[in-house]
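Residues 1 to 239, numbered by UniProt numbering, are exactly what the sequence shown covers, in order.
Where is the CB? At the ideal position from N, CA and C, for every residue including glycine.
If you're wondering where the values come from, they're calculated on a predicted model, not measured in any experiment.
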Amino acid sequence: MENATGKRRRSPWRWLLWVPLLFVALSALQVAVLRFVDPPTSAFMLARQGEAWRQGDWGFRVAYDWRDLEDISRYLPMAVIAAEDQNFASHSGFDLKAIEKALDHNARGKRVRGGSTISQQVAKNLFLWQGRSWLRKGLEAWYTLLIELMWPKHRILAVYVNVAEFGDGIYGAQAAARSYWRKDAARLSAAESARLAAVLPSPRRYSASRPGPYVQRRAGWIQRQMRQLGGSEYLEQLD
């Protein structure tokens, strides 16, 4: 359409065409920066802090203290791999076999099990929100692809053990080790690491420091899986 001077009028909605490109660029920049910069917080941490303030709990503070993977007991990354994602070293962000097993398991009415990989959980914890929707799953898949393309496996694992929630408002290995056992993450034992990994599906429901029957059984299973995977030698496969 032309105006009285003969110039073509630009559509006021033209800027919407740039929104997807802007999102792609900004999300890629986010992931690229966090390959080298340790995240000061995460979307889940911010949401938990906001939830506490909305409830009037002004004294609540998220517990979070970054530690490099070299400063965390090797038992813990091994435990979360054994518990959450045993094909972590070989997949490219998505484990279709694990998803199929989870769907079959859940369809039989057993305790609900997820099929998300560690890479997917990093994407969700860092950038997204809790809940279930196609939009969130789509964004999770996008961020997972970016993470797998831009980060080596050891960086993905380092971020995961630092941002995973191990108790209500307790995020990461160091905060969990200090909160539960008054020690640094470097000194976590195999049993303690297995308990932390055991509560990951529901860290506000289960306790790593006061484990009930379910956590005890699961922690025992995780320790057996750690040995079957080859122990800390498994971590040598990571790039």
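Looking at C-alpha atoms only, which residue of the options is the closest neighbour of residue i?
{"i": "Phe94", "options": "Tyr75, Ala25, Ser73, Gly138", "result": "Gly138"}
{"i": "Phe44", "options": "Ser209, Arg218, Tyr160, Leu235", "result": "Tyr160"}
{"i": "Gln225", "options": "Ser119, Tyr75, Ile170", "result": "Tyr75"}
{"i": "Tyr64", "options": "Arg204, Ser232, Glu165, Ala194", "result": "Glu165"}
{"i": "Ser92", "options": "Asp38, Gly167, Leu21, Ile147", "result": "Ile147"}
{"i": "Asn162", "options": "Trp18, Trp142, Ala190, Pro40", "result": "Pro40"}
{"i": "Tyr143", "options": "Leu16, Leu17, Arg195, Phe23", "result": "Phe23"}
{"i": "Leu229", "options": "Glu84, Met150, Ile170, Arg195", "result": "Glu84"}
{"i": "Gln223", "options": "Leu235, Ala190, Leu29", "result": "Ala190"}
{"i": "Gly231", "options": "Ala141, Arg136, Ile81", "result": "Ile81"}
{"i": "Pro77", "options": "Pro203, Gly212, His154", "result": "His154"}
{"i": "Ser73", "options": "Glu192, Arg227, Arg204, Leu238", "result": "Glu192"}
{"i": "Ile118", "options": "Glu140, Asp38, Gln130", "result": "Glu140"}
{"i": "Tyr171", "options": "Val62, Pro213, Gln49, Trp58", "result": "Val62"}
{"i": "Leu34", "options": "Ala186, Pro152, Trp134", "result": "Pro152"}
{"i": "Pro203", "options": "Gly167, Ala89, Asn87", "result": "Gly167"}
{"i": "Phe60", "options": "Glu51, Asp68, Trp66, Arg67", "result": "Glu51"}
{"i": "Trp66", "options": "Ala185, Leu238, Arg54", "result": "Ala185"}
{"i": "Ala158", "options": "Ser27, Leu145, Phe88", "result": "Phe88"}
For residue i, which residues does DSSP report across the bridge?
{"i": "Glu165", "result": "Tyr171"}
What are the boundary residues of the alpha helix (DSSP H) that residue i is part of?
{"i": "Ala185", "result": "It is not in any alpha helix (DSSP H) - Ala185 carries neither H nor E in the DSSP assignment."}
{"i": "Ala123", "result": "118 to 127"}
{"i": "Tyr234", "result": "Taken as a continuous stretch (DSSP letters only), Tyr234 belongs to no alpha helix (DSSP H), as it is neither H nor E."}
{"i": "Arg227", "result": "213 to 228"}
{"i": "Gly138", "result": "134 to 150"}
Worksheet item: If you scan the segment 18 to 100 from start to end, which runs of the alpha helix (DSSP H) of 4 or more residues do you find wholly inside it?
Response: 18 to 34, 43 to 54, 75 to 84
Worksheet item: Between the segment 195 to 212 and the segment 170 to 182, are three or more C-beta pairs nearer than 8 Å?
Response: yes
Discussion item. Closer than 8 Å is the cut-off here; do at least three beta carbon pairs connect the segment 120 to 137 with the segment 180 to 189?
Written reply: no
Fill in: Inter-stretch contact at 8 Å, needing at least 3 Cβ pairs: the segment 193 to 206 / the segment 214 to 230
Touching, per the Cβ criterion.
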